[in-house]
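J.: One point on numbering: in my numbering, the residue at position 92 of the sequence shown is 305, and numbering is uninterrupted.
Got a structure for you, questions after.
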Amino acid sequence: MRVALFVTCLNDTLFPEVGRATVEVLRRVGLDVEFPIAQTCCGQMHLNSGYRSEALAMLRRFVEAFSDYDLVVAPSASCAATVRHHYPHLAEAAPGAESARLATAVADLAPRVVDLSEALLDVVGTADVGSCYPHRVAYHPTCHSLRLLQIGDRPLRLLRAVTDLELVDIERSEQCCGFGGTFSIKNAETSAAMAADKVAAVKASGAEVLTATDTSCLMHLGGSMARQHYGIRTVHLAEILASTGPGTR
């Protein structure tokens, strides 16, 4: 099986450790992972802001970069959801004869683009990846993972299999954190208020660490918690799964 890492632009630019952790976990369960150097942004932010022609250019690039792989794994539920749920509509709207060609290519590729939790549980068939993480952890189910990708309790199943990890619940866990990509820029006050509600619930849970499948939401919530000096760290699910002992973050 040829497996590719779709690292996503946010991770590549700001959180490269998440990409490295994803590769480490996948290799630990027996998958040989490649990194297609031609990959760029999936165009999620452009789609969210109405720049469909710019997003279409990124769709073309994505298809060129990943079409030869049997499995494309992303440490980002929101980017995987963009490919699986928005690309088909975007391809159909392409100009002229290109529309049919792109729609066929996307229909073939999109089902092979998965979140890390889907790759481990649905493809590899394991929840225990040999992790150890001695911390009290809360999980935030991001909107795209919950509502578009519908990964359900897969991240929770993975976290429950981590040695020495104490999983705690967040009240109203399915409530949006307020990031929403460009929403947090265009509607800053509303976004900040939504983040305040979420981080108050995280603090009340007694968690030492907040995790999620999207670094974008963790970045948003981590900034809010840092400004309020909550002392709660944000750690991507991939980093927890890559951890093997007390010396890890």
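For each residue, glycine too, the CB sits at the ideal point set by N, CA and C.
Suppose you measure from the CA of residue 435 to the CA of residue 254; what does that come to, to the nearest Å?
T.: 23 Å
J.: Could you spell out where the alpha helix (DSSP H) holding residue 237 opens and where it closes?
T.: 229 to 241
J.: According to the Cβ coordinates, are residue 390 and residue 357 closer than 8 Å?
T.: no
J.: Can you tell me whether DSSP reads residue 328 as helix, strand or coil?
T.: strand
J.: Quick check on residue 387: does DSSP put it in helix, strand or coil?
T.: coil
J.: Which residues in the same chain have their Cβ closer than 6 Å to the Cβ of residue 388, if we skip the five residues on either side of it in sequence?
T.: none
J.: I need the straight-line Cα distance from residue 329 to residue 416, nearest angstrom please.
T.: Each residue's Cα considered, the two are about 27 Å apart.
J.: Could you say which of 216, 456 and 449 lies nearest to residue 288 if we only look at CA atoms?
T.: 449
J.: Check the DSSP bridge columns for residue 218 and list the partner residues they point to.
T.: 286
J.: May I ask you to verify whether the segment 331 to 344 touches the segment 368 to 375, counting CB pairs closer than 8 Å and requiring at least 3?
T.: Flag = yes, the segment 331 to 344 and the segment 368 to 375 touch.
J.: What ranges does the beta strand (DSSP E) occupy inside the segment 343 to 388, keeping only unbroken runs of at least 3 residues that lie completely in it?
T.: 349 to 352 and 379 to 381
J.: Using the beta-carbon count (16 or more within 10 Å), is residue 404 buried or exposed?
T.: Answer is buried; the Cβ neighbour count reaches 16.
J.: I need the boundaries of the beta strand (DSSP E) containing residue 422, first residue and last residue.
T.: 422 to 424
J.: Is DSSP giving residue 317 helix, strand or coil here?
T.: helix
J.: Looking at residue 252: is its Cβ nearer than 8 Å to the Cβ of residue 219?
T.: Closer than 8 Å, so yes.
J.: Using only CA atoms, which one of 270, 318 and 443 lies nearest to residue 279?
T.: 318
J.: Would you grab the beta carbon distance between residue 425 and residue 352 for me? Rounded to a whole angstrom, and I think it's under 8 Å.
T.: 7 Å
J.: In angstroms with no decimal places, state the Cα-to-Cα distance between residue 331 and residue 452.
T.: 16 Å
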